[in-house]
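Every number in my numbering is 729 more than the matching position in the sequence shown, counting from 1.
We treat Cβ as the ideally placed atom computed from N, Cα and C, and that holds for glycine.
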Amino acid sequence: MTDLRNDPEFLRYYAQVLIREAVAREWQGDPSFREFLIAGAERAKREAAAIEAAKPDQMDLFGAAA
């Protein structure tokens, strides 16, 4: 099984799922769980951005950074 914790694409998908779940729970009276979900989504987005920033630039056919 592939470890997806370091996959930026999966982390962005996971953030979308958390936001969707937070929106679906708007009718509930306690906002703390929604805030927890939103904080998790923000954390996943930050982690995805950090992983993307750490990757080296992809070279084009002629050796220049794209």
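Burial state of Ala779 (16 or more Cβ within 10 Å)
The sequence position of residue 779 within the sequence shown is 50, counting from 1. Exposed.
By DSSP, does Arg754 sit in helix, in strand, or in coil?
Translated into the one-based positions of the sequence shown, residue 754 becomes position 25. Arg754: coil per DSSP, three-state reduction.
Can you tell me the Cα-Cα spacing of Ala773 and Phe791, whole angstroms?
As a working note, residue 773 is residue 44 in the sequence shown. As a working note, residue 791 is residue 62 in the sequence shown. Rounded to the nearest angstrom, the two C-alpha atoms are 35 Å apart.
Return the chain-ordered list of same chain residues with a C-beta closer than 6 Å to the C-beta of Arg754, the five sequence neighbours on each side being excluded.
Counting from 1 along the sequence shown, the entry for residue 754 is found at position 25. Once the five neighbours on either side are set aside, the close Cβ partners of Arg754 are Arg763.
Leaving out the 5 sequence neighbours to the left and right, which residues in its chain are closer than 7 Å to Ala744 when beta-carbon positions are compared?
Your numbering for residue 744 matches position 15 in the sequence shown. Counting only Cβ-Cβ distances below 7 Å, and skipping sequence neighbours, we find Ala770, Ala773, Lys774.
Roughly how many whole angstroms lie between the Cα atoms of Thr731 and Pro760?
By one-based count along the sequence shown, residue 731 stands at place 2. By one-based count along the sequence shown, residue 760 stands at place 31. Distance between the alpha carbons of Thr731 and Pro760 is about 34 Å.
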